[in-house]
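In the working numbering, the protein residues as written are 1 to 140.
Virtual Cβ for every residue (Gly too), placed ideally from N, Cα, C.
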């Protein structure tokens, strides 16, 4: 049976299939022991993550058109969220807005979860510094 299924079955699935085929019931511990003595090991298959492709509700127009230079301050901003891993399993997220005129960081917020609140805090922090006549294009 091990060769028939190309070594995919472990002792649990092997027990289920053997109990279906034969009249005599076999204990999973016996199958485990026999597989161990016979050197039969299952092939561990890595589960593939299945991503469901989402359709965006609103698609923004490409106004910047890959022109990542600005002629004056607060004309064009770019924003991104970066994930940092620290400790054994902890994560921190840095949301930052950069001015394309001189490459300076306009505002940044550090948080423990990557959510809209983090991005909105960064935007709120940046817009406080703007003059009334300044309306930057924000690219993310």
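If distances are taken between C-alpha atoms only, which option among the options comes closest to residue i?
i: residue 90; options: 103, 111 and 64; result: 111
i: residue 136; options: 73, 28, 104 and 45; result: 73
i: residue 75; options: 14, 48, 93 and 103; result: 103
i: residue 97; options: 86, 85, 125 and 116; result: 125
i: residue 6; options: 88, 40, 84 and 59; result: 40
Could you check whether residue j and residue i sit closer than 8 Å to each other, using their CB atoms as the reference points?
i: residue 139; j: residue 78; result: yes
i: residue 95; j: residue 118; result: yes
i: residue 42; j: residue 9; result: yes
i: residue 114; j: residue 83; result: yes
i: residue 129; j: residue 106; result: yes
Between which residues of its own chain and residue i is the CB-CB distance below 7 Å, once the five residues before and five after are set aside?
i: residue 11; result: 28, 31, 32 and 35
i: residue 69; result: 100
i: residue 121; result: 109
i: residue 85; result: 91
Could you give the first and the last residue of the continuous beta strand (DSSP E) run that contains residue i?
i: residue 139; result: 137 to 139
Residue range of the alpha helix (DSSP H) that residue i falls in?
i: residue 31; result: 28 to 38
i: residue 12; result: 11 to 21
What runs of the alpha helix (DSSP H), each 4 residues or longer, lie entirely inside the region 50 to 122? Whole alpha helix (DSSP H) segments, 4+ residues: zero.
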